[in-house]
Ligand SMILES: [Zn+2]
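Residue numbers (the working numbering): 286 to 906.
In structure tokens:
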């Protein structure tokens with residue numbers, strides 16, 4: 286699209302105060318230049334001290350965000366050309382049943398793909414990377430993340446999903462103020478007490494948020510994600526988000542979703558597009574960006590199993606499938622959506638390209654969420670929706686931290702397990718929680734592990750189990766790792782390329798440094814990953830054979846400039862929110878600062894009005 290080519294990213298504030306990359310803690314690709322037979326380790330150390338700023342550094346659309354020029358990236362280790370790398374002597378967790386795992390082995394990477402996994406590979410023409418003391422495993426895959434919100438990180442850490450302004454919630458703060466730029470009148474939802482006349486986001490703000498989100502997750506070992514941004518306010522917003530994903534070098538599904546439709550005000554709006562139409566919506570982006578399957582960013586779609594748009598005679602799923610997109614739908618308490626989708630023959634019967642996100646509260650009748658199988662208390666536990674999901678081969682993405690924190694309902698691990706479905710995991714929204722796959726007590730893997738076990742373990746005590754339910758089988762560390770790798774790869778339809786380490790698959794690999802003061806010695810490998818490690822132990826990350834994170838640093842990125850850019854984007858949004866409105870003015874919230882509005886910085890975002898029936902806690906230390 287010529288329109289897209291006109292866009293230049295990033296825009297405002299470029300190039301000021303960015304320190305040299307060695308000071309900003311980033312390894313430049315030039316550090317990988319092989320200086321001779323001594324190989325990579327010596328070269329990286331030798332080059333680390335000479336990270337001069339190239340005269341060409343600010344050329345090109347990425348401006349000063351890159352710490353090395355494209356020319357400097359040629360001929361380096363893992364640049365995607367036909368170069369070979371051996372990851373030598375780590376514990377290798379392939380997660381492949383036939384190949385098995387290795388207490389100590391080498392992984393030979395040839396260009397984009399894994400060539401061989403075995404002990405003591407001899408490859409004299411390859412770069413050798415010493416992996417002793419590490420765990421080498423597939424990169425993590427998460428399956429649902431609203432990446433345009435990364436500039437709103439921890440905006441409402443105490444907030445719930447629902448709640449109308451002046452209560453501060455995800456709906457009122459993140460969706461209404463920061464995304465839509467308007468707040469509806471509770472008495473008359475079609476009119477607005479405050480309306481900016483536009484989203485506070487410009488396309489460039491979406492771009493930097495998506496880019497930082499991707500690089501952040503690369504640094505945490507999550508090599509693949511699904512962007513479900515719900516921020517396609519105009520075609521240019523959509524283009525900017527896709528560009529942010531593509532520029533990051535991360536493997537992604539872009540799950541195209543709607544935004545705020547202001548076409549009545551003359552602002553162009555194209556979601557969802559139409560069948561056989563490549564001039565707008567999904568057809569336009571499929572043609573413009575996703576004509577090849579052999580690329581890191583692929584197409585998904587957020588439209589559902591009902592009619593694609595008012596008046597159309599096909600469903601959202603049919604529309605996505607016509608353009609080769611996988612399906613990624615939110616479903617919070619919507620068992621009826623599943624049942625209705627199954628009743629509509631247009632949606633087919635093979636749902637292996639469908640992932641539903643959350644899948645909470647799908648039980649047929651009110652029942653406590655500690656039940657399992659057909660057992661339940663106080664009633665029988667059955668779910669038509671889960672049975673349909675199992676029978677049609679569909680996938681489940683559980684955002685366990687967010688569901689627990691924001692009142693989506695109990696994360697449905699037990700229901701998924703009881704129906705033979707290995708769910709994948711998703712971080713959902715940075716406004717409320719980290720994307721970190723392992724750290725903190727309630728992180729994705731650890732949270733999934735502990736939640737299922739907590740509920741099941743509580744049934745072991747008669748005083749907690751008056752109905753006498755049998756105790757479900759407990760999740761293992763290894764099963765949780767499979768949720769964070771294999772299940773995500775299946776959900777994104779990438780299991781033939783990633784998710785396990787097998788010769789012929791693409792080399793999306795993480796090297797976890799387990800030889801550290803707070804993790805060593807390893808006595809059990811899956812347990813070390815799930816119960817011991819955190820992102821600081823992510824040492825190296827490769828995506829399609831390319832080294833994108835090396836010795837704890839992003840490769841080729843100026844992190845300080847990225848942080849400056851995302852901070853400036855946040856400030857631009859805040860200035861617009863506080864600027865002239867098309868209608869009304871922003872009323873004071875229960876907890877935020879007003880005149881000018883900004884989020885509560887030091888106190889709680891959301892303490893007043895969340896629960897009007899229970900008294901506040903009066904606590905003593
Ligand atoms: Zn979501």
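Idealized CB from N, CA, C, for every residue including glycine.
These numbers come from a predicted model, not from an experiment.
- Sorted by chain position, residues whose beta-carbon lies closer than 6 Å to a non-hydrogen atom of ligand 1 are 429, 431, 513, 615, 642 and 713.
- DSSP places residue 838 within a strand segment (E or B) once states are collapsed to three.
- The criterion of a C-beta distance shorter than 9 Å is satisfied by residue 773 and residue 709.
- Each of 449, 455 and 454 was checked against the Cα of residue 470, and the nearest Cα belongs to 449.
- Within the segment 502–536, the complete beta strand (DSSP E) runs of at least 3 residues fall at 507–512.
- DSSP, reduced to helix, strand and coil, places residue 698 within a helical segment of the structure shown.
- Across the structure, residue 767 and residue 574 are spaced so that their CA atoms are roughly 31 Å apart.
- Under the DSSP definition of a beta bridge, residue 640 partners with 613 and 680.
- Take residue 627, set aside five residues on each side of it, and the residues of its chain with a beta-carbon closer than 6 Å to its own are 673, in chain order.
- By the Cβ test, the segment 398–413 is not in contact with the segment 619–638, since fewer than three Cβ pairs between them sit closer than 8 Å.
- With at least 16 other beta carbons inside 10 angstroms of its own, residue 784 counts as buried.
- DSSP lists 794 as the bridge partner or partners of residue 423.
- One alpha carbon belongs to residue 481, the other to residue 392, and they sit about 55 Å apart.
- Taking a 10 Å sphere around the C-beta of residue 554, we find 16 or more other C-beta atoms and assign the residue as buried.
- For residue 477, the enclosing beta strand (DSSP E) stretches over residues 473–480.
- A distance below 7 Å between beta-carbons, with the five flanking residues on each side excluded, links residue 782 to the following residues of its chain, in chain order: 790 and 791.
- Taking the Cα of residue 896 as reference, the smallest distance to any Cα among 453, 387 and 649 is reached at 453.
- Secondary structure at residue 413: strand, using DSSP grouped into helix, strand and coil.
- The segment 888–904 and the segment 506–519 do not touch, with fewer than three beta-carbon pairs separated by less than 8 Å.
- Comparing alpha-carbon positions, the option among 552, 541 and 844 lying closest to residue 567 turns out to be 541.
- When the five nearest sequence neighbours on each side are left out, the beta carbons in the same chain lying within less than 6 Å of the beta carbon of residue 701 are those of 681 and 708, in order along the chain.
- Residue 373 and residue 394 have their C-alpha atoms spaced approximately 11 Å apart.
- Counting C-beta atoms within 10 angstroms of its own C-beta, residue 752 has fewer than 16 neighbours from the protein chains shown and is therefore classed as exposed.
- Contact fails between the segment 799–812 and the segment 753–760, because fewer than three Cβ pairs, one in each stretch, are under 8 Å apart.
- Below 8 Å, enough C-beta pairs join the segment 500–509 and the segment 533–552 to call them touching: three or more.
- A direct Cα-to-Cα measurement between residue 668 and residue 589 gives close to 20 Å.
- For residue 469, the beta-bridge partners assigned by DSSP are 477.
- In the DSSP annotation of this structure, the continuous segment of the beta strand (DSSP E) that includes residue 398 starts and ends at 398–403.
- Between residue 861 and residue 466, the CB-CB gap stays under 9 Å.
- Taking a contact to require three or more Cβ pairs closer than 8 Å, the segment 650–669 and the segment 600–616 do not qualify as touching.
- Taken in chain order, the whole beta strand (DSSP E) runs of length 3 or more contained in the segment 829–884 are 831–835.
- Annotated three-state conformation of residue 388 is strand, per DSSP.
- For residue 567, there is no enclosing beta strand (DSSP E); the residue is found in the alpha helix (DSSP H) stretching over 566–574.
- Rounded to the nearest angstrom, the Cβ distance from residue 426 to residue 377 is 18 Å, too far for a contact under 8 Å.
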